[in-house]
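Chains as they are written, first to last, in this note's numbering: chain A, 1 to 211; chain B, 212 to 422. Every residue gets a Cβ at the ideal spot worked out from N, C-alpha and C, and that includes glycine. Below: one structure, written as structure tokens.
Protein chains: 2
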Amino acid sequence: MESYKIPKKSVERLSIYKRILKVIMDAGFTTVSSRELAERAGLNSAQVRKDLVYFGQFGTPGMGYQVSMLHRAITKIMGLHKKIPVALTGVGNLGQALLAYPGFKERGFIIEAIFDNDHEKVGKKKNGLKILDEKNISSEIKKKKVRVGIIATPPSAAQFAANKLIEGGIKGILNFAPIELKVPSGITVVNVALCEKLEMLSYYLSKRKLL
Amino acid sequence: MESYKIPKKSVERLSIYKRILKVIMDAGFTTVSSRELAERAGLNSAQVRKDLVYFGQFGTPGMGYQVSMLHRAITKIMGLHKKIPVALTGVGNLGQALLAYPGFKERGFIIEAIFDNDHEKVGKKKNGLKILDEKNISSEIKKKKVRVGIIATPPSAAQFAANKLIEGGIKGILNFAPIELKVPSGITVVNVALCEKLEMLSYYLSKRKLL
């Protein structure tokens, strides 16, 4: 199966399966059916089986999946089995929230360098890291072999940060700024839109005439 | 068409169409084809047409969609044409980032009350709002007729905040805390997982052997 045909949504659901498998594993279970996985994920079991088949031959009909094996396999497929050095640009409220968020470290994303363009902040420490001047992003991340950049700057500073990250050799950007970044081909940008989920909630409440 | 059959992903994509339509409208265009909408959204045009048909009869074959009409219709379908009073619990870094985020207000979500359990914070002001004691969530939101709650507390405080919000009459919660909230039926919870998008990025980089 050619990997570029895997739907984006199936990739997104891998995260969800991984999280559910962890819960099941921690509860002491060793096998799980596609139906149980589906129920916990709010999907149907055919969808779960179809998603997983994109990534390999897991599970046995009538037996289900081996929990820890599937968890390990998904972790590896997602590249989450190794530590990934990350740079964060923008140490405002959102940047500080991300710095303090345990989920990144738990998944192997280690924030190794933090940058801001505010000279009041540069030189100070946050979560044990010294805030560096945004101007030096490219040289610093080359030094630290950073592979992923997170942009948590205001929209007006986001493109500059992206350019500097790319100059420093970064291939992947997680962008929290509400603008469409312009990047050369070969650079993967994943946008996080904080409002989209609130809009979804609004839709569901509106449909039930609760707004 | 019975509305409960609309796929969650089609609802999620409404947000994306709305955002693209706004850009096209601001650029001065009056009509748009499903192909152009699809290209800008990174989808195929059949998917766009299929999504929109769930919500109404829009567009004319060969003519495309009327930009402002479709934008208005989607806004209304999503319940975003009116102001929605919102309560925020947890005024830490993430809460403050959300308070400062212009996207909520632009979409009509007006944060009217903010709560924290830290007595050092209670009584102080943030973005023009006084931080209130979490204990008083239910009475305060009843007073202010708040319809939506945002939870930006640490995981350990999230369930308490949810209970208080529900006690105060809230039907919808946007949850940023990385835990599964227990809520009675009739309450809609939408979880925002800050890590999922980073995991997606990791997957794409990993597949290209860039990690």
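Within a Cβ cutoff of 8 Å, which residues of the same chain sit near residue i, ignoring the five residues on either side of it in sequence?
i      : result
B:M435 : Any answer about residue 435 of chain B is impossible in this case: the structure gives chain B only from 212 up to 422.
B:K475 : Any question about residue 475 of chain B goes unanswered here, given that chain B covers just 212 to 422.
B:I362 : T300, G301, A369, A372, A373, L376, I384, L385, N386, F387, A388 and L392
A:R49  : S34 and G59
A:G186 : K171
A:P184 : I166
B:I352 : A298, A324, G360, L376, G379, G380 and I381
A:G108 : L80, H81, K82, K83 and I84
A:S202 : L211
A:L94  : A152 and F176
A:G123 : K130 and I131
B:A238 : none
Excluding the five sequence neighbours on either side, which residues of its own chain have a C-beta within less than 7 Å of the C-beta of residue i, listed in chain order?
i      : result
A:R40  : I20
B:H292 : T286
B:Q307 : K337
B:L421 : none
A:K144 : P85, E112 and A113
B:L262 : For the record, residue 262 of chain B in the displayed sequence is Asp; it is not Leu. So the qualifying residues of the chain are S221 and R224.
A:S138 : K164, E167 and G168
A:N117 : E134 and A157
A:K121 : V91 and I131
Grab the span of the alpha helix (DSSP H) containing residue i for me, first residue to last.
i      : result
A:A41  : S34 to A41
A:T75  : V67 to I77
B:G306 : N304 to A311
A:L14  : K8 to D26
Which of the three DSSP states is assigned to residue i in this structure?
i      : result
B:P395 : coil
A:L214 : Residue coverage of chain A in this structure runs from 1 to 211, which leaves residue 214 of chain A outside it and unanswerable.
A:V48  : helix
B:P296 : strand
A:G64  : strand
A:V192 : coil
B:E213 : Note that B:E213 scores 41 on pLDDT, short of 50, meaning its location in the model is unreliable; the coordinates nonetheless yield the value given after this. In the structure shown, B:E213 sits in coil (DSSP, three-state: anything other than H, G, I, E or B).
CB-CB under 6 Å to residue i, same chain, minus the five flanking residues each way: which ones, in chain order?
i      : result
B:G360 : A298, L376, I381 and I384
A:M1   : Note that A:M1 scores 37 on pLDDT, short of 50, meaning its location in the model is unreliable; the coordinates nonetheless yield the value given after this. Taken in chain order, the list of residues that qualify is empty.
A:V192 : F176
B:A249 : N255, S256 and V259
B:V243 : I235, G275, Y276 and V278
A:A129 : Checking the displayed sequence, the identity of residue 129 of chain A turns out to be Leu instead of Ala. Cβ within range, chain order: I114.
Strictly below 7 Å CB to CB, what residues from chain D border residue i?
i      : result
B:S417 : The question asks about chain D, but that chain is absent: this structure's protein chains are A and B.
For the stretch 332-361 of chain B, enumerate the residues whose C-beta is nearer than 7 Å to any C-beta of chain A, in chain order.
Under the 7 Å Cβ criterion, the stretch 332-361 of chain B contributes R358 and V359.
Kindly provide the ranges of any beta strand (DSSP E) runs that are 3 or more residues long and lie completely inside the stretch 315-380 of chain B, ordered along the chain.
320-327, 340-344 and 359-362
By the 9 Å beta-carbon criterion, what residues does the stretch 183-197 of chain A contribute toward chain B?
Of all residues in the stretch 183-197 of chain A, G186, T188, V189, V190, N191, V192, A193, L194, C195, E196 and K197 have a Cβ within less than 9 Å of some Cβ in chain B.
Positions along the stretch 305-336 of chain B whose CB lies within less than 9 Å of some CB in chain A:
L305, G306, Q307, A308, L309, L310, A311, Y312, P313, G314, F315, E317, R318, G319 and F320
Taking a Cβ distance cut-off of 9 Å, strictly less, list which residues of the stretch 277-299 of chain B are near chain A, in chain order.
K287, I288, M289, G290, L291, K293, I295 and V297
Within 7 Å of chain A by C-beta, residues of the stretch 374-391 of chain B in sequence order:
K382, G383, L385 and P389
Positions along the stretch 244-274 of chain B whose CB lies within less than 7 Å of some CB in chain A
none
The stretch 8-32 of chain A: which residues have C-beta closer than 9 Å to a C-beta of chain B, in chain order?
Listed by position, the residues of the stretch 8-32 of chain A near chain B (Cβ gap below 9 Å) are K8, K9, V11, E12, L14, S15, I16, K18, R19 and V23.
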